[in-house]
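S.K.: For the sequence shown, the positions run 1 to 361 when full-length UniProt numbering is used. Backbone N, C-alpha and C define an ideal beta-carbon position, used for all residues, glycine too.
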Amino acid sequence: MTPEQYNRLKNNLMTELPPYVRNFVYTSQKSNSTIYQYLSEIKRFFQWLISAGISDETDVKYISIPTLAKIRKSDILAFIDELASKPNRQGRTNSPVSINRSLNCLRTFFNYLAIDSASDTDNGQPLLMRSPMLGVASMNSHQTLSYRAKNLEDKMYLGNLKFEFLDFINKEYENTIADNKHKLTRFKQNKVRDLALIALMAGTGVRVSEAANANVQDLSITKASLTVVRKGGERDAVPIAPWTLPYLNDYVQNRETLYPNVGKEQALFVAGKSKVNRISTAAIENLVAKYSQAFGRPITPHKLRHTIASELYQISKDQVAVAQQLGQKGTSATALYTHVQDEVRRDMLQQISQSTPNKTQ
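Here it is as C-alpha cells:
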C-alpha cells in the first residue's frame, strides 16, 4: 500500500479507538504503516479485553484508563495464550514471531501510558502508574539460529536459482497459460514490468512497499541506485546489483509503450490498461506467488530480500553492510545471515577433515 493509503487506514482506526490512543500516535513519530500496525494490534487487544470480560464495554472506543489500570501480568499471559491457541484469519495459529510483534506493540503502548503520557496530562502524572507488560517475556521459538537459517535457506533463491527463475518467466511461463487467451494477453503486456520488479527486489533487497512506492525519478540507471522511503519515513539511496540493470532499463524504455495511458503517473511500476495507476503491494505479492508456483519453487518477495541479504553476508562478512543494504537500523535482524549456507559449511568441514592428521597412522 502507498503511504497515503496507510494514512487513510490509520485515520479510520483512530476514530474507532479512545482519545488517549490518538495521543499515543501523535507522540510515536513512526511511519504511517507502522502506526497502522500499532493501532491494529491495540484494537485487537481491546477487543480481547471485552471478550474476556475484563472490560464491561461493548465498543473498544470506550475502554477507559481505569480499565487498563486493572490489567495484570496474568491478563497479558492469558492474551498470549489466546494468540497462541486460536486460529487467525488464515486458519493457522499465530507463530512466535507474530505473537512477539504483538507484544512489542503493546510494550510500546503501555510504556507511553506509564511514562511518556505525563507530558500530556494537566497534573504532569502519567495515565498509568505501571505497565502490565513488565516481566512479560517474548516467546521462544524453540529453534536455534542455525536451524532457522537452514529453514530459511531452503526457501531462498540462492546462487543461479534466481537467474533460472527470471529466465523461466521470460521464456517458459507463457507455455503454462497458452490455452488461456486472456491470461496470455495480460502476461505479454506485463512481462517486462514483472521481470524488472522481481529483478529489482532480488537485486536490492528492497521491501515490497518500497518498490511499489518508488517513482520514476527515484531510479537512476546510470548511478545504479534507487531512492526509497524506508519504514521509519527516511529516504535512502539503495545500490542496485549490476545484473539487475538490463531488466530495469528494458522496462523504463518501454513503460509508456506498454502502458499508453500512463499519462503523468509518477509511479515507477504501474498497472492497468484503460486506467493506469501505481501497482499495489498485493499485486506484487500475487505476481511473485504466481510465477514462483509455476516455477515449482514457491517464494515470497520477503524471501527474495532474505536471498540478497544472505549472499551479501557470504561475500562481505559485514553485518553492518547488510543492514544498510536492507535499510535496517541495527544488526540484530541480520544475525540470521551469519549462519553460512549449508553447502559452504559442508565445504569448510571437508577442508578440516582433509587437514586433520589420521590418528590411526
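Classify Leu134: buried if its beta carbon has 16 or more other beta carbons within 10 angstroms, exposed otherwise.
M.R.: Exposed is the call here.
S.K.: What are the boundary residues of the beta strand (DSSP E) that includes Leu226?
M.R.: From DSSP, the beta strand (DSSP E) with Leu226 extends over 225-229.
S.K.: In the structure shown, what three-state DSSP assignment does Val206 receive?
M.R.: Note: Val206 maps to coil in three-state DSSP.
S.K.: Identify every residue that forms a DSSP beta bridge with Val270.
M.R.: For Val270, which the question treats as bridged, DSSP gives the partners Arg278.
S.K.: Roughly how many angstroms lie between the CA atoms of Thr222 and Phe269, to the nearest whole one?
M.R.: C-alpha separation (whole angstroms): 19 Å.
S.K.: Report the partner residues of Asp236 according to the DSSP bridge assignment.
M.R.: In the DSSP output, where bridge partners are listed per residue, Asp236 has Val228.
S.K.: How would you call Val97, buried or exposed, if buried means at least 16 neighbouring beta carbons within 10 angstroms?
M.R.: It counts as exposed.
S.K.: Out of Lys181, Asn180, Val228, Leu13, state which residue places its alpha-carbon closest to the alpha-carbon of Pro239.
M.R.: Pro239 has its Cα closest to that of Val228, out of Lys181, Asn180, Val228, Leu13.
S.K.: Flag this pair as yes or no: are the beta carbons of Gly205 and Ile308 separated by less than 8 Å?
M.R.: Against a cut-off of 8 Å, the Cβ pair of Ile308 and Gly205 comes out as a contact.
S.K.: Here's a check: name, in chain order, each residue in its chain whose Cβ is nearer than 8 Å to the Cβ of Leu17, leaving out the five neighbours to either side.
M.R.: Taken in chain order, the residues that qualify are Leu39, Ile42, Lys43, Phe46, Val60, Lys61.
S.K.: Tell me which same chain residues have a C-beta within less than 6 Å of the C-beta of Glu265, skipping the five on either side of it?
M.R.: Val276, listed in sequence order.
S.K.: Could you give the residue range of the alpha helix (DSSP H) that holds Tyr247?
M.R.: From DSSP, the alpha helix (DSSP H) with Tyr247 extends over 245-258.
S.K.: Give the C-beta separation of Gly200 and Thr244 to the nearest angstrom, bearing in mind that I take them to be a contact with Cβ-Cβ under 8 Å.
M.R.: Here residue 200 turns out to be Leu, not Gly, going by the sequence shown. At roughly 6 Å, the Cβ-Cβ gap stays under 8 Å, so Leu200 and Thr244 are in contact.
S.K.: Tell me, please, whether the stretch 312-323 touches the stretch 185-204 by the rule of three or more beta-carbon pairs shorter than 8 Å.
M.R.: Judged by Cβ distances under 8 Å, the stretch 312-323 makes no contact with the stretch 185-204, as fewer than three pairs qualify.
S.K.: Report yes if the C-beta distance between Val136 and Lys73 is below 8 Å; otherwise report no.
M.R.: In contact: Val136 and Lys73 (Cβ atoms closer than 8 Å).
S.K.: Which residue from Arg297, Ala84, Arg255 puts its Cα closest to that of Met156?
M.R.: That would be Arg297, whose Cα lies nearest to the Cα of Met156.
S.K.: Quick one, are the C-beta atoms of Asn215 and Ala267 less than 8 Å apart?
M.R.: In contact: Asn215 and Ala267 (Cβ atoms closer than 8 Å).
S.K.: Kindly indicate which three-state DSSP category Asn160 falls into: helix, strand or coil?
M.R.: Note: Asn160 maps to coil in three-state DSSP.
S.K.: Since Glu174 and Leu184 should fall inside the 8 Å C-beta cutoff, what is the C-beta to C-beta distance between them, to a whole number of angstroms?
M.R.: Going by Cβ atoms, the distance from Glu174 to Leu184 rounds to 6 Å, so yes, they are a contact pair.
S.K.: Which same chain residues, not among the five before or five after Met139, have their C-beta less than 8 Å away from its C-beta?
M.R.: Correct list, in chain order: Ile80, Ala84, Pro96, Ile99, Asn100, Leu103.
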